[in-house]
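In terms of my numbering, the sequence shown opens at residue -3 and continues consecutively. I have placed the structure first, in the form of structure tokens, so that the comments after it can refer back to it.
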Amino acid sequence: MSRPDPVDARKSSFDAVVDERTRLLVLGSLPGEASLARSQYYAHPQNQFWRLIGAVVGRDLVALSYEERLRALLKSGVGLWDVVRSARRTGSLDTAIRDHEPNALPDFCAALPELRAVAFNGGKASALGRKALTEGPCLITLPSSSPAHTMAYERKLAQWLQLRAYLN
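Spelled out as structure tokens, the structure:
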């Protein structure tokens, strides 16, 4: 009996990282291979997420352990989740996502009493997330923190820093 091809297996998002104080929710598309292997958001060493969001909250998150990073985000009012609940995807590129099932974003966002904005980490997250979130908080599309998105860090950072306005 042959085993199913693990490349074609469904890949799933992680649990959301939020609490009742979440004012800004950052939504990715679906965790990449490095993140899935480590069960950690943005685990690829070249992904710039932790540098970018660290600049937003005014703290060096890269120097912290993963658990400390998550605590620091929550303390700052930032939550994390993904637009896609599960999908088939070979590799880590968003362009390879197929047969996706969305997370229940409208109900989820409605249950966060302090939520002011939802920021999409990249174009695919934005395209899929904006289909689900047609009303509610401010929606912001950010350049992807992925190393596959080759925009210069300084240009990404300039756009990510607009998130500070939703945390004060």
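Even for Gly, the Cβ is constructed at its ideal location relative to N, Cα and C.
Checklist entry - Rounded to whole angstroms, how far is the Cβ of residue 157 from the Cβ of residue 51, which I believe are closer than 8 Å? => result 7 Å
Checklist entry - Tell me which same chain residues have a C-beta within less than 8 Å of the C-beta of residue 155, skipping the five on either side of it? => result 138, 139
Checklist entry - Is the Cβ-Cβ distance between residue 54 and residue 17 less than 8 Å? => result no
Checklist entry - Comparing the C-beta of residue 71 with each C-beta of chain B, is any distance below 8 Å? => result In the displayed structure, chain B is absent; only one protein chain is listed.
Checklist entry - If you check the beta carbons only, do residue 105 and residue 135 fall under 8 Å apart? => result no
Checklist entry - My guess is that residue 190 and residue 98 are in contact by the Cβ rule of under 8 Å, so how many angstroms apart are they, rounded? => result Past the edges of the chain, shown from -3 to 164, lies residue 190, and the structure says nothing about it.
Checklist entry - Is it buried or exposed for residue 102, if we count other Cβ within 10 angstroms and need 16 for buried? => result exposed
Item to check | Assigned secondary structure, residue 25 (DSSP; H/G/I helix, E/B strand, else coil) | outcome: coil
Checklist entry - With respect to 7 Å, is the separation between the Cβ of residue 135 and the closest non-hydrogen atom of the ligand ATP below this value? => result In the structure shown, the ligand ATP is absent, as is every other ligand, since no ligand is present at all.
Checklist entry - Once you ignore the five residues that flank residue 142 on each side, which residues in its own chain have a CB closer than 7 Å to its CB? => result 43, 118
Next on the checklist: Give me, in chain order, the residues of the same chain whose beta-carbon lies closer than 7 Å to that of residue 111; leave out the 5 immediate sequence neighbours on both sides.
Outcome noted: 18, 19, 21, 105, 133
Checklist entry - Quick one: what does DSSP say residue 98 is sitting in, helix, strand or coil? => result strand
Item to check | Where the beta strand (DSSP E) through residue 80 begins and ends | outcome: 80 to 84
Next on the checklist: For residue 23 and residue 95, which I take to be in contact (beta-carbon distance under 8 Å), what is that distance rounded to the nearest angstrom?
Outcome noted: With 8 Å as the limit, residue 23 and residue 95 do not qualify as a contact, their Cβ atoms being about 20 Å apart.
Checklist entry - Excluding five sequence neighbours on each side, which residues of the same chain lie with their C-beta closer than 6 Å to the C-beta of residue 45? => result 38, 141
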